[in-house]
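> Handing you a structure now.
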Amino acid sequence: MDLPLNDHLHGFTVHTREPLSEIDGTAYTLHHEKSGAKLLYLQNDDANKAFSIAFKTPPADDTGVFHILEHSVLCGSDKFPVKEPFVDLLKSSMQTFLNAMTFPDKTMYPVASTNEQDLLNLTDVYLDAVLHPAIYGKRAIFEQEGWHYELADDVEAAEGDSVAGDAVAATEAADGSARLTLNGVVYNEMKGALSDPNSVLYDELQAALFPDTAYRFESGGMPRAIPDLTYEQFLEEHARHYRLDNSYLTLYGDLDLERMLAFLDERYLSPVAAEEATRDQERAASSQEPLVPHELRAQAPIVARDAVRTMATAPENACVGLGYVIGDAAQRTRIVATEIVLDALMGSNEAPVKRALLDADLADDVQAFLADSLLQPFVVVQLRGAKPDVAERFRSTFEAAIREVVACGIDRTLVEASLSRAEFVMREGDFGMADGVALSMTALAGWLYDDALATSYLHYEDDFALLRKELGQGYFERLLVDVFLESSHKALVEIRPTDGDEEAYEAERLAAAEATMAPDDFARIADEEAALRRLQTEPDTPEALATLPRLSVADIGDAPAEPAYDLDTETPVPCLRHDITTHGIAYTYRYFNLEGISFEELPYVSVLGMVLGKLGTASHTAAEIDTLVNGQLGNLSFFPEIHEEENGPGELAPKFVVSASALTENVEAACALPLEIMLTTDFSDAGKIKDVLQQRRIGMEQGFAAAGHSAAMARAASYYLPAGVAREQLGGVDFYRFLKDLLAHWDERADDLTARLADLASRLFVDDGCTISFTGTREDYDRFWSAGAITGRYASRERRLNVPAPVVRNEAFIVSTDVCYAAQGYDRRALDASYTGVWQVAARALSYDFLWNEVRVKGGAYGAGFGAMRTGNLRFYSYRDPHLDETLERFADASAWLAAFSPERDAMEGYVVSTVASLDAPTKPRMQARRQDGDFFAGRTPETRQQTRSEMVGADAAAVRALAAPLASAIAEGAYCTFGSKDIIEASRTRFDVIDLLGE
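In structure tokens form, the structure reads like this:
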């Protein structure tokens, strides 16, 4: 549908129209006259349609009010008076994206779906949520999502019994034993998030750079400040900011625009504009100040040095950050250029400035990134694992390295390579989410600050062309001088680890609150907790549930066409040929057999994957390899992986993968560069290898604290899956221990390591047992093979890999976090339980009903879920969880809940619809090819996928209940693991083998 300029349509006026080649479509900006709402329409042929509404929400304090609002408005609304419409949509819609996000200065509510009616349904629920939320009539929503007091060990109140809870409270208050605790989803989430020193450093750096603006505050909320937020302030901030004249709407894709605009205008924008006008008039009539959004001001230049924040964390978590403000959001080309040159100088270990910093031995690692989508974007340069008292030396070393680059002139090939890499990323468009959602976020990088910049950040082709013209003209050198060497707006911040308890503030706050309370106050808290638990436990009424828009099983269409692939045996080695449209990109994967490697050698295989591409070869230095890869390839990576047969626990297909992708004009490079690295890498530079290993160690340690659920699930899987045992050697706790020991004895082991790596490379990279995967055009396929894709080497095919039998260990790993991550699971195949698509329906029900209510809503964890893998793994997890024993008890209760599973017909159909939609969701070419490769190595066919889908479509409640028995058997095996804080683990009643992972 073409929209002429100044056209009027359903209350909207078309302000601008411009072709946007970056999305193969057209961009329009519209303004809704009655409400003042702004709308960006990105029109193209993408069937994965999207809608988003965002509000400018600059915080005025650290209470995290906008984060709590983001959670809370999705807990029911006037039109949809259910407790969790967000979760109901996850359980019942065809959504391909459904979430909400709090940023430093905005809050977004995006949705996407391939079904137009479904998108309209999602939009309806989201708009009513943000404009008519239930928070005004249900204080308990604020308490659940934000914070509230509870009485420790008052089981009666926790179970919703006010009378018995009051009795307990009165008794404890009388004898002085009453103790308060703090709970709340956002409160617990931010305790976990801000136990990461990197997050704390970023917050402190932003506060130092912008001390007079909203950016000095943590929009997610500081745990120390969250309990300062009152319910009344919470409501006022919603009324102040969730206004249509403060909103930014985005529509994307191949949709019926007239239908959508009519819906927006008639259902929400015009009626809500009238409501807002009435409220404004009422405030004016009562002489109240108008509720207007907080101002988002720019910060005047400032230089902040020697800012130190102490933090109770492990000594190895010391970090230092430099921040340099680039300019303002209107200077898009300058910001893009800074990101390009930053990548050229800091994007890899061999980039010149990063190499200078690594050689200065200031820390275990150094990294740099651009903090954008802000009014004043800035560069962050950070030391991780910093040595003591290096902050000032870090600044001087960094700026000296920049000065040297400027004096000598930037190597043109470095910047060209970074430009090429950036162009590849944008052409590939693999954002990890629906394109329309990613583009709506990108648009706000300019639009939020200036209506004229609505499409500014969606244009990148012109910038890349301009910057290529500037190569060798001194532009980038002048930019470095301006941004870094002559900056009048910069900061230096250090996070200094100390002994102590980072959560001591919580105990002090609770003790102070207890000291002011009379017995009646404790009884009131017991009453409030009991009321909250009743609200959480009581099911939605049939009348409330009936208000939700739903699709039925009849709305499920045919399965998306599965791209064809086959095994070409006419090529020098077998090749999986994928018939997938890639828009001018070729994807290649070489799969080398790991069966000739012993179990004890697996950690060295991972090290090999980490260092390949980061060392010199017979023909090029490490720096030259880095530049060639960036300039000619979109991606080059080396890594091991384990494929499993569906029905045989011990049937493993271990592979070492060499992945390369390139634009069609560089297909020969996707063949030649990986071969050069595989066959001629020089492993003698132990110093460069050590840099890589130290970086991996730091990354793993921070991952244990920030994403401990992944580590816990992987470790638990090693208790019952042979593949899990192998994966632990390759990248889990066992590999981490290997890595720590290797680095601790580096001088004695370095020579042996380099010899082992050379030996492994000679044995691994052979044509025996190698399979190649190729995705691209026929012409590119022929060019790839003509370039000589094989190694030309052969070796013994003797099988040496013997994976030890799994052993249940039930470990609890103490790591640097204030929360915990619990996991439990078992191998379905060991219980003689077959796989069926119904498992996925059951997993959705358990995750978004039972576990959501019990672990997240009642328990206060940020997340929890259950998964059922084709290859046997039945696994539970919790994420940023304040509890451990209680969560494991909920896992144990899951089978009984499933045995009693008896949803209404609409709810059951919703589970089926959403489960099938998750299987059918669009994926990018790279992921399609990788999924098909995995199916091939695991012995699955396209018919297997179709059968699973049919089983999902045909699932009913009885079929789901039938899975309760094998689930109960799996739970009874008692295979669980946790990563978490020392306090939570040591207070646990569960029998664990407790291990201080970082300190052992």
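Per the working numbering, residue 21 is the first one in the sequence shown, and the count goes up by one each step. Just so it is clear, CB atoms sit at the ideal spot from N, CA and C, and this is done for glycine as well.
Taking the alpha-carbon positions, what's the Thr77 to Phe451 distance?
25 angstroms
> Can you tell me whether DSSP reads Gly31 as helix, strand or coil?
coil
> If you run the structure through DSSP and keep just helix, strand and coil, what is Arg441?
helix
> Which whole-angstrom value describes the C-beta separation of Glu257 and Leu552, a residue pair presumed to lie in contact below a C-beta threshold of 8 angstroms?
Actually they do not touch by this definition, with Cβ atoms about 22 angstroms apart.
> Count the other C-beta atoms from every protein chain shown that fall within 10 angstroms of the C-beta of Asn822, then say buried if there are 16 or more, exposed otherwise.
exposed
> Starting from Glu514 and walking both ways along the beta strand (DSSP E), at which residues does that stretch end?
Lys510 to Thr518
> Between the C-alpha atoms of Ile515 and Met331, what's the straight-line distance to the nearest angstrom?
7 angstroms
> Between Thr567 and Lys99, is the Cβ-Cβ spacing less than 8 angstroms?
yes
> Report yes if the C-beta distance between Arg329 and Val501 is below 8 angstroms; otherwise report no.
no
> List the residues that DSSP assigns as beta-bridge partners of Arg895.
Gly845 and Gly887
> Among the residues of its own chain, which have a CB less than 6 angstroms from the CB of Ile155, if the five just before and after it don't count?
Ser92 and Ile161
> Considering just the uninterrupted stretch of the beta strand (DSSP E) at Tyr272, what are its terminal residues?
Unbroken beta strand (DSSP E) run through Tyr272: Ser267 to Tyr272.
> Tell whether a beta-carbon distance below 8 angstroms holds between Asp847 and Leu741.
yes
> In this structure, how does DSSP classify Phe703 when only helix, strand and coil are distinguished?
DSSP places Phe703 in the coil class of the three-state scheme, outside both helix and strand.
> Taking the continuous beta strand (DSSP E) assigned at Leu50, which residues delimit it?
Gly45 to His52
> Could you say if the region 446–465 and the region 58–66 meet the contact criterion of at least three C-beta pairs nearer than 8 angstroms?
yes
> Does DSSP classify Pro397 as helix, strand or coil?
coil
> Skipping 5 residues on each side, what residues in its chain have a beta carbon closer than 6 angstroms to that of Thr143?
Only Phe71 meet the Cβ criterion.
> Are Gly654 and Ser681 close, meaning C-beta to C-beta below 8 angstroms?
yes
> Counting C-beta neighbours from all protein chains within 10 Å, is the total for Asp771 16 or more, i.e. buried, or is it exposed?
exposed
> Answer with buried or exposed for Thr518, where buried requires no fewer than 16 other C-beta atoms within 10 angstroms of its C-beta.
With a 10 Å radius around the Cβ and a threshold of 16 neighbouring Cβ atoms, Thr518 comes out exposed.
> Starting from Thr462 and walking both ways along the alpha helix (DSSP H), at which residues does that stretch end?
Asp455 to Trp467
> Quick one: using the 10 Å Cβ neighbour count with 16 as the cut-off for buried, is Gly633 buried or exposed?
buried
> Grouping DSSP H, G and I as helix and E and B as strand, with all else coil, what is Pro310?
Residue state, collapsed to three classes: coil.
> Return the bridge partner residues of Met128 from the DSSP annotation.
Listed as beta-bridge partners of Met128 by DSSP are Ala74 and Met121.
> Go ahead and pull the three-state DSSP assignment for Tyr525.
helix
> In its own chain, which residues sit with a C-beta less than 7 angstroms from the C-beta of Tyr288, not counting the 5 before and 5 after it?
Leu147 and Leu151
> According to the neighbour-count rule (16 or more other Cβ atoms, all chains shown, within 10 Å of its Cβ), is Cys428 buried or exposed?
exposed
> Beta-carbon within less than 6 angstroms of Met446's beta-carbon, same chain only, minus the 5 sequence neighbours each way: which residues are those?
Tyr480
> Answer with buried or exposed for Ser816, where buried requires no fewer than 16 other C-beta atoms within 10 angstroms of its C-beta.
exposed
> Tell me which residue opens and which closes the beta strand (DSSP E) that Thr774 is part of.
Unbroken run through Thr774 is the alpha helix (DSSP H), Trp766 to Leu784; no beta strand (DSSP E).
> Report yes if the C-beta distance between Leu342 and Leu362 is below 8 angstroms; otherwise report no.
no
> Give the secondary structure of Pro24 by DSSP, where H, G and I count as helix, E and B as strand, and everything else as coil.
coil
> What are the uninterrupted segments assigned as alpha helix (DSSP H) that are 4 or more residues long and contained completely in the region 931–1005, given in chain order?
Taking only runs of at least 4 residues, the alpha helix (DSSP H) segments lying wholly in the region 931–1005 are 945–958, 962–973, 977–981 and 984–992.
> Assuming Gly577 contacts Asn68 (C-beta within less than 8 angstroms), just tell me the rounded distance between them.
About 14 angstroms; that fails the 8 angstroms criterion.
> DSSP beta-bridge partners for Glu664?
Leu672
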